[in-house]
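Take the position in the sequence shown, starting the count at 1, then add 9; the result is the number in the working numbering.
A virtual CB, placed ideally from N, CA and C, is assigned to each residue, including glycine.
Note sheet for the following structure.
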Amino acid sequence: MTKKTHLIIIGGIAAGVKAAARARRVNPELNITLFEAGPEVSYSACGEPYYISGIIPNRESLIMRRPDEFSKDGICIKVSHKVTDIDIQAQSITAFNFNLGQSIQQSYDQLIIATGAQAIIPSISGRDLKGVISLRTLADSDNLISLLSHNKNNQVVIVGSGYIGLELAESLIELGAEVHLIDQCERMFPRMDAQLSDQIHNKLVEKGVNVLLNDSVISIQGQNQKVGSIITQSGLNLSCNVVILACGVKPNIELAEQSGIKLGSTGAIEVDQRMQTNIENIFAAGDCVQSQHRISGLPAWLPLGDIANLQGRVAGENASGGDARFPGIIGTSIFRSFDLEIGMTGLSEDDLNKFEIDYCETLIESRDRARYYPGGQTLSLKLLAQKSNGKLLGAQAVGTGGVAKMIDISATALLGNLSCFDLEYADLAYAPPFSPVLSPMIIAASQLCKMVSN
Numbered sequence: 010m011t012k013k014t015h016l017i018i019i020g021g022i023a024a025g026v027k028a029a030a031r032a033r034r035v036n037p038e039l040n041i042t043l044f045e046a047g048p049e050v051s052y053s054a055c056g057e058p059y060y061i062s063g064i065i066p067n068r069e070s071l072i073m074r075r076p077d078e079f080s081k082d083g084i085c086i087k088v089s090h091k092v093t094d095i096d097i098q099a100q101s102i103t104a105f106n107f108n109l110g111q112s113i114q115q116s117y118d119q120l121i122i123a124t125g126a127q128a129i130i131p132s133i134s135g136r137d138l139k140g141v142i143s144l145r146t147l148a149d150s151d152n153l154i155s156l157l158s159h160n161k162n163n164q165v166v167i168v169g170s171g172y173i174g175l176e177l178a179e180s181l182i183e184l185g186a187e188v189h190l191i192d193q194c195e196r197m198f199p200r201m202d203a204q205l206s207d208q209i210h211n212k213l214v215e216k217g218v219n220v221l222l223n224d225s226v227i228s229i230q231g232q233n234q235k236v237g238s239i240i241t242q243s244g245l246n247l248s249c250n251v252v253i254l255a256c257g258v259k260p261n262i263e264l265a266e267q268s269g270i271k272l273g274s275t276g277a278i279e280v281d282q283r284m285q286t287n288i289e290n291i292f293a294a295g296d297c298v299q300s301q302h303r304i305s306g307l308p309a310w311l312p313l314g315d316i317a318n319l320q321g322r323v324a325g326e327n328a329s330g331g332d333a334r335f336p337g338i339i340g341t342s343i344f345r346s347f348d349l350e351i352g353m354t355g356l357s358e359d360d361l362n363k364f365e366i367d368y369c370e371t372l373i374e375s376r377d378r379a380r381y382y383p384g385g386q387t388l389s390l391k392l393l394a395q396k397s398n399g400k401l402l403g404a405q406a407v408g409t410g411g412v413a414k415m416i417d418i419s420a421t422a423l424l425g426n427l428s429c430f431d432l433e434y435a436d437l438a439y440a441p442p443f444s445p446v447l448s449p450m451i452i453a454a455s456q457l458c459k460m461v462s463n
């Protein structure tokens, strides 16, 4: 690499800024320019529900680094610049400057696409009314806080029961709102198996959320361009002043697609382990790319913040002359709704049935510390293993404590191709304030061993 080498990065929330930082460490002489369509870079979208509820009172806490901090490291950040075209032959990009209302062009030697994902907006009449929002950016959070502040008796409809919908349900109840959560699926948080998702359902009902499953919003009604109510497929008419569309996200791939960059079977950008696309000097990372699932061996698209950062680091190193590899994903995730910790890793029952993998499962109820030790919390742990050899395939946990520990142990076991026989006698940390004498993981693994042996 030479001093004249220019790296351009498109996108500056998670993968993009991580790529920029890594590229600078690998090659101090590299020219780096990052374009971000929005007004801010390097903030924690995962922290937004806690900012909305007031747990995080200071908005600035969610911003990791500002453009002037990047400039000290010789990284040029151009906010409010939307890249509209990539000319692969000329090795240049065109970006529209929203502040000046004009386009600019810049050439590159290496390019990283980190355009992330966008909220799915269903085709519902009335979706353009004031009070209908989705939640992706800090500006979206600001908008929701503003909407809620103008009404003492907020009535909110959340459409969708994924991560965002369930986290927001807690935030809104804490703010004193009346909350209705609607999902067209048969069960809440359908990524999780039924025995555990039912616990989430029960918790929301206990906390005062009106949960409506097997239903969908078909119309949003309003007056004076403001939300007033919604109508569901089943015929319900619910009064509300805010509708939050939490129907999931989709990868931002339009720019890549129109430039001739190959998309994968999931609809996201296809990359190899170096995060390189089908174009030699163009890399991609974060929520806009698909990865190989290390358990199924198949392409998967799982937009998660930690994965975006890991992929950004690999893309940044390789685009600046290094040689790093991203080995793939296993789908580890965790979040909280009210006092329930909810986590999973690997494959679910639905996945295993779809892939026609013969498996056995166990579900145990346990505690996060010795039964006699004060302050102990309960948890449910489910393990899934291959029937022929006991190899761990997936894990899920729900409870008021200890979930992160169980999921992290399971994720490590999955990465190491361990079986229930390995876990049955695992040497895990024990003391009464931290665990029962036999960890829930050991108890669950022992039950699986009996099933596999039989």
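Tell me the rounded alpha-carbon separation between ASP207 and GLU195. For ASP207 and GLU195, the distance between alpha carbons rounds to 11 Å.
Would you call the segment 288–302 in contact with the segment 107–123, where contact means no fewer than 3 C-beta pairs closer than 8 Å? Short answer: they touch.
For LYS27, which residues of its own chain have a beta-carbon under 6 Å away from its beta-carbon, when the five flanking residues on both sides are left out? ASN318, GLY321, ARG322
Burial state of VAL236 (16 or more Cβ within 10 Å): buried
Cβ-based burial, ILE142 [other Cβ within 10 Å; buried from 16]: buried
Considering only residues of the segment 37–74, which uninterrupted beta strand (DSSP E) runs meet the minimum length of 3 residues and lie entirely inside it, listed in chain order? 40–44
Between the alpha carbons of SER150 and TYR434, how many angstroms are there, rounded? 46 Å
Is HIS90 helix, strand or coil when you go by DSSP? strand
Under the DSSP definition of a beta bridge, which residues are partnered with LYS139? LYS235
Beta carbon of ALA29, beta carbon of SER329: below 7 Å? No, they are not a contact pair.
Reference GLU374; option with closest CA among LEU401, GLN405, LEU361: GLN405
Do the segment 175–183 and the segment 55–72 meet, that is, are 3 or more Cβ pairs less than 8 Å apart? yes
Exposed or buried, GLY244, counting other C-beta atoms within 10 Å across all chains shown (16 or more means buried)? exposed
Can at least three beta-carbon pairs, one atom from the segment 91–105 and one from the segment 197–211, be found at a separation below 8 Å? no
Suppose you measure from the CA of LEU388 to the CA of THR421; what does that come to, to the nearest Å? 20 Å
Taking the alpha carbon of THR341 as the point to measure from, which residue in GLY355, GLU350, LEU402 has its own alpha carbon closest? Of the listed residues, the one whose Cα sits closest to THR341 is GLY355.
Straight-line CA distance for SER455 to ARG376? 17 Å
Inter-residue Cα distance where the pair is SER53 and PRO312: In a straight line, the C-alpha of SER53 is about 14 Å away from that of PRO312.
Euclidean distance between Cα positions of MET415 and ILE452: 12 Å
Proximal residues to HIS90 (C-beta, below 6 Å), its chain only, five neighbours per side dropped: PHE44, ALA104, ASN106
If VAL226 and THR241 are in contact, beta carbons under 8 Å, what's the gap, nearest whole angstrom? 6 Å
Quick check for students: name the residue ranges of the alpha helix (DSSP H) that lie wholly in the segment 128–196, counting only runs of 4 or more. 147–158, 172–183
Contact check, LEU254 vs ILE86 under 8 Å by CB: the rounded distance? LEU254 to ILE86, Cβ: 30 Å. No contact.
Any idea what DSSP makes of THR354, helix, strand or coil? strand
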